[in-house]
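Everything below concerns the one structure shown next.
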Amino acid sequence: AQDMAMEEFDNFVTLLRANNVDVVVVEDTPEPHTPDSIFPNNWFSTHASGELVLYPMCAPNRRLERKESVLNVIKEIGERGKMRRIVDLTHWESENLFLEGTGSLIFDRKNRIVFACRSPRCDIAVLEDLCEKLDYEFLDFGAYDRDGKPIYHTNVMMCVGDKFVVACLDSIKNIDERTEFISFVEDCDKELIEISIDQMEQFAGNMLQLRSTGGEPLLIMSATAKRALTTDQLESLMSYCKIISPELESIETNGGGSARCMLAEIFF
2 AQDMAMEEFD
12 NFVTLLRANN
22 VDVVVVEDTP
32 EPHTPDSIFP
42 NNWFSTHASG
52 ELVLYPMCAP
62 NRRLERKESV
72 LNVIKEIGER
82 GKMRRIVDLT
92 HWESENLFLE
102 GTGSLIFDRK
112 NRIVFACRSP
122 RCDIAVLEDL
132 CEKLDYEFLD
142 FGAYDRDGKP
152 IYHTNVMMCV
162 GDKFVVACLD
172 SIKNIDERTE
182 FISFVEDCDK
192 ELIEISIDQM
202 EQFAGNMLQL
212 RSTGGEPLLI
222 MSATAKRALT
232 TDQLESLMSY
242 CKIISPELES
252 IETNGGGSAR
262 CMLAEIFF
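Just so you know, this note's numbering puts 164 at position 163 of the sequence shown, and the rest follows in order with no gaps.
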C-alpha cells in the first residue's frame, strides 16, 4: 500500500506541474515517525497579508510534523516573498484545545470569512483567537455524517472557490444553522453547488481551487470525487475552473484523506 501511495503522490505532483502549478515537495525524514505527513494542510497555513500560522494538533504524532526542515522551506519562500510574522497557536495544545488548519477552517480569503464545523479538533476559543489575529470573521456550525457523528474536518463537507461554494447541506442538521450558512454564501456572491452525503463520502467535498503560474483557475479533486459528481455539478464547476483529478484511491483508503488534504497553499 505504501508503494502505491508513493506512486499516487508522485503522479499527483507530476499532474499539477504539467498544469503549471508551482509545487513544493519536502521529503519526509524517517524520524520522528509521522505517518500522516502526506497531509500537511492541518498544521500550517499561509496568508497573502504575510502570516504563517501554526496550529494546535489533536494527535501527538501529528505535532511532530512541525519539523524544522519543513518550516525552513516555508520560511525561505516567505523571506523571498512577503512573510511578515508567525502566528503561533500551538500553545493551545497544553490546554487540550485544537484547531487543525485548513482541515478545520475553510477560508474565503476575499471576503475574510472562515467557515468551520465544530468538533473536538476545531475549538471555538482557538478559532476566536485566530480570527482576532488575522482580522477575519467566522461562521461556525454543527455538521454530521450519516451516523450522526460530528464531521471532524470541515474540508470533508465543503470547499470555497473564487466564485462558488461546494457544500453538503444535508450534513448541517440544525435548520437555523443551515439557513444562516446559505445566506452567508449568498452574501459572498458565490454560486452554491450542493453535494449529497453519498458524494461527500466519496471525497466530493475535499476539493481545492488553485491558480496556475499563468493565472488559470484549476479545481483539484480526486478521480473518486469526480466520478461521484453528476453531469450538472461538473458542468457548473467547469464553468469556473479546469478540473484536475488524480487517482488517489490508495491514499484515500489507507490515509483517510483526499486531494485537498495533500495540499497546503503558499500565498507568500
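All residues carry an ideal CB built from backbone N, CA and C; glycine is no exception. Note that the structure is predicted; figures quoted are calculated from it, not measured.
- Inter-segment contact for the segment 247 to 267 and the segment 198 to 208 is present: three or more beta-carbon pairs are separated by less than 8 angstroms.
- The DSSP-derived three-state label of valine 26 is coil.
- Note on the segment 41 to 87: whole beta strand (DSSP E) runs with a minimum of 3 residues are 45 to 47, 52 to 55, in chain order.
- Where alanine 126 is concerned, the enclosing alpha helix (DSSP H) starts and stops at 125 to 135.
- Short of 8 angstroms from the beta carbon of tryptophan 93, and not among the five residues preceding or following it, lie these beta carbons of its own chain, in chain order: Pro57, Phe99, Leu100, Asp124, Ala126, Val127, Asp130.
- Judged by their CB atoms, alanine 6 and glycine 256 are nearer to each other than the 9 angstroms cut-off.
- Here phenylalanine 142 carries a strand assignment [DSSP, helix/strand/coil].
- Rounded to the nearest whole angstrom, the CA to CA distance from aspartate 23 to valine 115 is 25 angstroms.
- For glutamine 200, the enclosing alpha helix (DSSP H) stretches over residues 198 to 202.
- Contact between isoleucine 78 and cysteine 118 is ruled out by a C-beta separation of about 30 angstroms, above the 8 angstroms threshold.
- Checking the DSSP bridge columns, you'll see leucine 219 partnered with Leu211, Lys243.
- Phenylalanine 268 places its beta carbon 9 angstroms or farther from that of histidine 34.
- The criterion of a C-beta distance shorter than 9 angstroms is satisfied by serine 46 and glutamate 266.
- Under the criterion of beta carbons closer than 8 angstroms, aspartate 171 and isoleucine 198 qualify as touching, at roughly 5 angstroms.
- Per DSSP, reduced to three states, the secondary structure at isoleucine 252 is helical.
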